[in-house]
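J.:
There are 2 protein chains.
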Amino acid sequence: MAVTAQERGTRSVAGGLGHRTVSAAVAEALRQRILSGALAPGVQLRQDALAEEFGISRIPIREALLQLEAGGLVKIVPHRGAVVTGLSVEEIEDVFQLRVSLEPQLLILSARHLTPEDFAELRSLRDEYSTALKAGTVETWGELNRRFHLGLLRHAGRPRSLAIIAGLLQDCDRPTRLQLSVTGDVARADMEHTAILDLCEAGEVVAAANLLRIHVEHAGRSLVEIYRKSAAAV
Amino acid sequence: MAVTAQERGTRSVAGGLGHRTVSAAVAEALRQRILSGALAPGVQLRQDALAEEFGISRIPIREALLQLEAGGLVKIVPHRGAVVTGLSVEEIEDVFQLRVSLEPQLLILSARHLTPEDFAELRSLRDEYSTALKAGTVETWGELNRRFHLGLLRHAGRPRSLAIIAGLLQDCDRPTRLQLSVTGDVARADMEHTAILDLCEAGEVVAAANLLRIHVEHAGRSLVEIYRKSAAAV
DNA sequence: CACGTGAATATTGTATACGATTGGCGGTTG
DNA sequence: CAACCGCCAATCGTATACAATATTCACGTG
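Here the protein sequences come in this chain order: C and V. Following the working numbering, the numbering of the first sequence begins with 1100 at its first residue and continues without gaps. Following the working numbering, the numbering of the second sequence begins with 1100 at its first residue and continues without gaps.
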């Protein structure tokens, strides 16, 4: 067993039309809406409306909402419905602090097991990423960044840690769009990704881990600062 | 009608107080069964059987299973049902490694904000805990240990970290029963809990954090060792 | 005029019924 | 004798229907 986190790399990301159940498909659709910002924090999701919109019954809607609650994207209150969640500044700081605590440590474990194929894939991701940034297609950035970071840590042999980090990255994703569309940290992140890759390939795992730590620290600080300025965050 | 476990609790699940929905009550009932070991890893949970046993429809059963999947207690495969999950040795090592990385750090943040009321509660928990151990009532140990550790870290101001640690502690819980009924680490854990409390109250937060780290490290090593010996772990 | 109270309404929670998918079994065939 | 194919039973997934609960608003009362 222990197959909880592996398959999501190959299957669930795979394609929109590969879903075996309706509820899973709805969950994915809603997930993307929330992550893309189309459904803002605080919005209430009414089962009837969603059911009618998707042309299905309420049962799969309910199950999809439960799956989303598992990922922390909505909060369900009995008899009162589901509400899209948002992160407070404290929670964002916490998420980045966790990433700082965990990611470099895992990179040290994972780096020396990265294969040439892994490096090829990571470079490809980085390229996609910088292309997407130049094109201004912010929608895909979070996903690409997530896959990049997870790809780096893939071979750490720590499945539970990886699952946790996947969740943290997803939570970073939503607020990060804000950061990216505003600041110039974009280019910096791109350069840092490249540098981390180079250090890993050169076998300088400790230096790579340090840079990764700085990379995450900076992203966190920058994001928190922006969040504090646009103080409307719930 | 082989198993009518409904009798053991005179009140029907639907009438259980504290739960506002049937699905939540079922989820809690199943959770306790899994955590207590009554439902071993690998066991398949059939919705029809559970529905009949609880005297309710399959819908709340399904939703309860989804909630359990959120907590990682079962794995649901489309069209093939839910199976109780077990942790591999690697995952257990990972869980304890995560606790080692996170808990001491949070204790440093939390310790100086612990109030006299907090200390009173923590001492009470520790007393309950040692009493339960002398009485051999292993069932409650996990819950008490969880509340003790979470209570220590309560004021760290890191909500997300706390939620993650809560999950880690729950995952430690199941395999830990094994450890406790076998080894003599019981008394040691009790003493360490007391010592950690004393150091916190004395303001020696760094020393307390160090001891906490050692405490968790030892529990992890001991458990992994036992797991490796009784190699039946799935 | 403020405020508690009650019924009406909207929304969620659960039961029942039907359809879809999976896995196994027996028959047939090379 | 082994392997393949189609049928059948078991189980899960979804739709429809009903019940329970929370929210809203009008109403009467202090």
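For glycine and all other residues, C-beta sits at the position ideal for the given N, C-alpha and C. Since we're looking at a predicted model, the values are computed, not measured.
(1) Starting from the N-terminal side, write out each stretch of the alpha helix (DSSP H) that is 4 residues or longer and does not extend beyond the segment 1271 to 1324 of chain V.
(2) Could you tell me which uninterrupted beta strand (DSSP E) segments, each at least 3 residues in length, are contained entirely in the segment 1177 to 1236 of chain C, listed from first to last along the chain?
(3) The alpha helix (DSSP H) spanning residue 1125(V) covers which residue range?
(4) Would a check of beta-carbon distances place residue 1196(V) closer than 8 Å to chain C?
(5) Find out if the Cβ-Cβ distance for the pair residue 1284(V), residue 1318(V) is shorter than 8 Å.
(6) When the cut-off is 8 Å and only beta carbons count, does residue 1146(V) lie next to chain C?
(7) The alpha helix (DSSP H) with residue 1163(C) in it runs from where to where?
(8) Please confirm whether residue 1044(V) and residue 1193(C) have their CB atoms less than 8 Å apart.
(9) When burial is assigned at 16 or more other CB atoms within 10 Å of the CB, is residue 1333(C) buried or exposed?
(10) List the DSSP bridge partners of residue 1174(V).
(11) Please confirm whether residue 1325(V) has its beta-carbon closer than 8 Å to some beta-carbon of chain C.
(12) Looking at chain C, which residues of the segment 1164 to 1186 of chain V have a Cβ within less than 9 Å of any of its Cβ atoms?
(13) Given residue 1327(C), which residues of its chain have a CB within under 6 Å of its CB, disregarding the five upstream and five downstream residues?
(14) Which bits of chain V does residue 1120(C) rub up against, with CB to CB less than 9 Å?
(15) Please classify residue 1178(V) as buried or exposed, where buried requires at least 16 other C-beta atoms within 10 Å of its C-beta.
(16) Please name the residue, chosen from 1142(C), 1148(C), 1262(C), 1216(C), that lies closest to residue 1296(C) on a Cα-to-Cα basis.
(17) Spatial neighbours of residue 1198(V) within its chain, please: C-beta separation below 6 Å, excluding the five flanking residues on both sides.
(18) For residue 1294(V) and residue 1310(V), what's the separation of their Cα atoms in angstroms?
(19) Specify the secondary structure class of residue 1261(V) as computed by DSSP and reduced to three states.
(20) Measure the CB-CB distance between residue 1129(V) and residue 1163(V) and report whether it falls below 8 Å.
(21) Once DSSP output is grouped into helix, strand and coil, what is the label at residue 1138(V)?
(22) I'd like to know whether the C-beta atoms of residue 1123(V) and residue 1169(C) end up nearer to each other than 8 Å.
(23) For residue 1149(V), does the three-state DSSP call read helix, strand or coil?
(24) Return the CA-CA distance between residue 1232(C) and residue 1287(C), expressed in angstroms with no decimal places.
(25) Please report the straight-line C-alpha distance between residue 1219(V) and residue 1212(V), rounded to a whole angstrom.
(26) Rank 1120(C), 1166(C), 1210(C) by C-alpha distance to the C-alpha of residue 1302(C) and give the top, closest one.
T.: Inspection of the coordinates gives the following:
(1) Secondary structure within the segment 1271 to 1324 of chain V: the alpha helix (DSSP H) runs of 4 or more consecutive residues, fully enclosed, are 1284 to 1300 (chain order).
(2) 1180 to 1183
(3) 1121 to 1134
(4) yes
(5) Against a cut-off of 8 Å, the Cβ pair of residue 1318(V) and residue 1284(V) comes out as a contact.
(6) no
(7) 1157 to 1169
(8) Here chain V comprises residues numbered 1100 to 1333, so residue 1044(V) is not present and cannot be evaluated.
(9) For residue 1333(C), the predicted model reports a pLDDT of 46, less than 50, meaning its position is unreliable; a value from the coordinates is still stated below. Exposed: under 16 other Cβ atoms inside 10 Å.
(10) Answer by DSSP bridge pairing, in chain order: 1182(V).
(11) no
(12) 1165, 1166, 1168, 1169, 1170, 1171, 1174, 1177, 1178, 1182, 1184, 1185, 1186
(13) none
(14) Correct list: 1177, 1178.
(15) exposed
(16) 1216(C)
(17) The beta carbon of residue 1198(V) sits closer than 6 Å to those of 1267, 1315, all from its chain and outside the five residues before and after it, given in chain order.
(18) 8 Å
(19) helix
(20) yes
(21) coil
(22) no
(23) Here DSSP, grouped into helix, strand and coil, assigns residue 1149(V) to helix.
(24) 12 Å
(25) Counting only the Cα atoms, residue 1212(V) lies some 14 Å from residue 1219(V).
(26) 1210(C)
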